[in-house]
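If you read the sequence shown in the working numbering, its first letter stands for residue 1, the second for the next number, and so on. All residues carry an ideal CB built from backbone N, CA and C; glycine is no exception. Here the structure is laid out as structure tokens; the discussion comes afterwards.
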Amino acid sequence: MTKETIDHLATIFPINRDALKSKSKHQRSVSILKEFSLNTSAHGIPSIARSHSIQNRLFWIISLYFQYPTQTSVSFVTEWPQAFPAVTICNYSPIRYDRFIIPFLN
């Protein structure tokens, strides 16, 4: 907008003249990033965006980094027909085999 247009609009409507001035590309990018960060559902990101000091932001970033969030997906696939024996013994069990088998041998 030109200065004349801003002056004309300012006389008709009681507005803030600074609001009509165009922002730089960097300011727009920062504004969009801050708006996204405040409204996202990602855990902890709004806390970082709401922090006003660098120390608080560093605290939130470091605390989120050391949480080590993980996501595990498990899927089961059944294949029929299965040949006998369709049983698998897994070594990852927390029980000891010798303690488990002795009662069955007696």
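- Under the three-state reduction of DSSP, His52 is assigned to coil, being neither helix nor strand.
- Between Trp60 and Ser47, the C-beta gap is smaller than 8 Å, which places the two residues in contact.
- Annotation for Ala49: Lys34, Ser37 and Leu38 place their beta carbon closer than 8 Å to its own, counting only its chain and skipping 5 residues before and after.
- Excluding residues up to 5 positions away in sequence, nothing lies with its Cβ nearer than 6 Å to the Cβ of Asp98 in the same chain.
- Under the three-state reduction of DSSP output, Phe66 falls in the coil class, being neither helix nor strand.
- Counting only the Cα atoms, Ile102 lies some 41 Å from Tyr68.
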